[in-house]
Each structure stands twice: as structure tokens, then as C-alpha cells.
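So the protein lines, in turn, are chains A and B. First residue of the first sequence: 1, per this note's numbering; consecutive thereafter. First residue of the second sequence: 1001, per this note's numbering; consecutive thereafter. Where a beta carbon is used, it is the ideal one built from N, C-alpha and C, also for glycine. Fair warning: this is a prediction, and the values are worked out from it, not measured in the lab.
There are 2 protein chains.
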Amino acid sequence: MSDSTFPPTQPPSTVQRCTPNLPGFTCGLDATLRIIAGKWKPLILYFVAQDGPTRYGELRRAIRDVSDKVLIQQLKELEADGLVKRTDYKEVPPRVDYSLTPLGHSLAQALVPLCSWGTEHMAEVSRVFAERAAWTRRERPPSA
Amino acid sequence: MSDSTFPPTQPPSTVQRCTPNLPGFTCGLDATLRIIAGKWKPLILYFVAQDGPTRYGELRRAIRDVSDKVLIQQLKELEADGLVKRTDYKEVPPRVDYSLTPLGHSLAQALVPLCSWGTEHMAEVSRVFAERAAWTRRERPPSA
DNA sequence: CTGCATCCCTTTAGATACTG
DNA sequence: CAGTATCTAAAGGGATGCAG
């Protein structure tokens, strides 16, 4: 993004147009989104990017609320997609860790602004979720 | 997760640690991800950021493969979350357009690197998807 | 043109229990 | 410790048809 001026209502758009008409993808963003589709993938990438080679259990504890099944599944996909590398030390008890490939690392870099955004706008985001929750509760009264 | 020194084997890692232990969110990235959860939301944000006020039909054509139901639904959520603004011109035939709020625009900016990443690594991404498709086809032979 | 309602299906993810 | 297997729930999403 080039300029820093911030348009009040209808921005003259500082966001550059992404390359359209790519084979299969509507634009670069589309491609990226498809590869990180999966509830926990960005979090996994980001965490591993921060901590370097990360053991399974460590990851599991870091990404709270994720089940074994899903975590493993997403790790496998990330591995198959060439974003993370799995290292099995063939020890007993088992020891395995996950690290990023160069490709994965570059993607993690691209996630940094999203993380910053979330941090900066935490207040708004929290409010939004509070409202969302309230609304949901009204619409769908306690399951019981 | 603890120190800032970075692991031996792989990355030069320039990825900064995101603020942990936030109320409800594990980090800023987590917060962001939750607000843009929804298959088309990032694409919507990005597209509107580029084109400024965008009419419904235009959006519909731009984000290919999205149905009315889903597009409307995601637009409503984005609106409720304070990221987009809906303007109804009360004309007949109906005219409505969607623009970004300042918050939405800032988020769109944060998406730029993802778009760039996708564009730069289009080749790898395409390959990955080709393999994924092949694998899927083996596992789940033609539905018929 | 814009948008909502309905019906239905697929995908995704969560719980739990179990194994090398 | 690091996974696997199975089963189930739920969310997300798509097609269609109607309405202002």
C-alpha cells in the first residue's frame, strides 16, 4: 500500500488491484485463501513461524480448543501442500516436530499484518463478538 | 512458547510474536480470523476496497461461484460487524451499493500481502491444487 | 435489480476412546 | 507422546423459486 492518507467514506482506493483472470483463481488472494482454508491453519503457520520447530503437544496446547483429529488433519494438509515439514525423530517415546518450509515461512510473513490488525482493533472486534453472541442467543434460545 | 531467540535449523524468521493472552483470543491473528471467517468475506472486502462503492450485482459477478444467499448473508455479517456500509438508494428499480467503513478499509489493507503472496506463488499453489485434486479423485472415484 | 426463504447436501470439525 | 478410528453434530454453503 502506497499512500498513508486515509479516505473517510468512499476511498479512492489505495488497495491495488490484484491480478485478475488467473487460471482457476480470481486473483492472488483467492489462491491464498484456498490454501489456508481450514479453521486453524493460519494459526498453526503463525505459531510455528514464531517458535520454529514445534512439537506436536506444544502446538496442541498453543492452539487451544483444537482437537487431535483436526490438528493432525490440518498439519497433514499443510505438509502435503508444502508449507510445513514434519520431522519424526523415531525415538521412543515418540518425538516429532513441525517446522516451516521456505514457502510456509513466506506465507506466515504475509499473515503478520492480519495479526497486527487484530491486535490494534481488538476493542472493536471484542464488541462485535459480544453483540453477535447476544443476537445468537436471542435467535436460538438455549438448546434445552 | 517462551523466548525470542530463534531456532537453529530453519528460518531467519522475521515474524514477530503476536500479543498472547488476550481476553478470549489467543492472539491478534485469532481475533482477525474470527471476524473474517466465511468463505467469501476476504474476497468481498478486497473487491470493495478496490472498486469503492460496489453494487450488488457487480459484486455477485466479481466473486464468481457465490450464490445470492451466501453473498447476502456474508454482506449482512460484514455490515453488522462494522466493516461494510450498505447504501440503499430507494430507487426503482432497486439500487444498493456497498462500501467499506474505515475499519473495513484498514482490514482490507491487511489483506494486501496475502494477495501478493498468492500472486507471487501462484505456480506452487496451482501445483498443490492439481495434486490435491488427483489425490481426491483416487480416493473418491466419480460419484456415479 | 436486489434480496429473502426454503430445502437439502457436503464439508468441517468436535468428542471420545483406543494404539504403537 | 503422537497419533488413529469412529461416530455425530453443526455449520456452511448451494439451487431454486418467489417478492418488492
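Against residue i, what residues of chain B qualify as contacts under a CB-to-CB distance less than 7 Å, listed in chain order?
{"i": "A:Pro93", "result": "The premise fails here: A:Pro93 is roughly 21 Å from chain B at the closest Cβ pair, so nothing lies under 7 Å."}
{"i": "A:Asp81", "result": "Val1128"}
{"i": "A:Leu111", "result": "Leu1029"}
{"i": "A:Tyr89", "result": "None at all; the shortest Cβ gap to chain B is about 13 Å."}
{"i": "A:Leu103", "result": "His1121, Glu1124"}
Measuring CB to CB, does residue i end up less than 9 Å from residue j?
{"i": "B:Leu1043", "j": "A:Asp97", "result": "no"}
{"i": "A:Ala108", "j": "A:Tyr46", "result": "yes"}
{"i": "A:Leu148", "j": "A:Thr101", "result": "Nothing can be reported for residue 148 of chain A: it is not among the residues displayed for chain A, which extend from 1 to 144."}
{"i": "B:Phe1129", "j": "A:Gly57", "result": "no"}
{"i": "B:Asp1081", "j": "A:Arg132", "result": "yes"}
Our contact map puts residue i next to residue j with C-beta atoms below 8 Å; I'd like the distance itself, whole angstroms only.
{"i": "A:Ala49", "j": "A:His105", "result": "6 Å"}
{"i": "B:Val1125", "j": "B:Gly1118", "result": "7 Å"}
{"i": "B:Thr1026", "j": "A:Arg64", "result": "6 Å"}
{"i": "B:Ser1099", "j": "B:Lys1085", "result": "5 Å"}
{"i": "B:Cys1115", "j": "A:Gly28", "result": "4 Å"}
Mind checking who residue i pairs with in its DSSP beta bridge?
{"i": "A:Lys85", "result": "A:Ser99"}
{"i": "A:Arg55", "result": "A:Asp97"}
Kindly list, in the order they appear in chain A, the residues whose Cβ is closer than 8 Å to that of residue i.
{"i": "B:Ser1067", "result": "What B:Ser1067 touches in chain A: nothing, since even the nearest Cβ is about 16 Å away."}
Mind listing the chain A neighbours of residue i? Cutoff is C-beta to C-beta under 7 Å, in chain order.
{"i": "B:Ile1035", "result": "Val125, Val128"}
{"i": "B:Arg1064", "result": "Thr26"}
Find the residues of chain B that neighbour residue i, judging by a C-beta separation of less than 9 Å, and give them in chain order.
{"i": "A:Ala134", "result": "Result: empty, since nearest Cβ-Cβ is about 11 Å, beyond 9 Å."}
{"i": "A:Leu78", "result": "Ordered by position in chain B, no residue passes the 9 Å Cβ test against A:Leu78, which lies about 11 Å from the chain."}
{"i": "A:Leu114", "result": "Gly1028, Leu1029, Thr1032, Leu1033, Ile1036, Leu1107, Ala1110, Leu1111, Pro1113, Leu1114"}
{"i": "A:Leu43", "result": "Thr1026, Cys1027, Leu1029, Asp1030, Leu1033"}
Give the interface partners of residue i over in chain B, defined as CB-CB distance under 8 Å, in chain order.
{"i": "A:Tyr98", "result": "The contacting residues do not exist; A:Tyr98 stays about 11 Å from chain B at best."}
{"i": "A:Gly38", "result": "Chain B residues near A:Gly38: none, gap ~11 Å exceeds 8 Å."}
{"i": "A:Gly57", "result": "Chain B residues near A:Gly57: none, gap ~13 Å exceeds 8 Å."}
So with CB distances below 9 Å, who are the chain A contacts of residue i?
{"i": "B:Thr1054", "result": "Neighbours of B:Thr1054 on chain A: none; closest Cβ ~10 Å, over 9 Å."}
| request: Could you say if the segment 1064-1079 of chain B and the segment 1032-1043 of chain B meet the contact criterion of at least three C-beta pairs nearer than 8 Å? | output: yes
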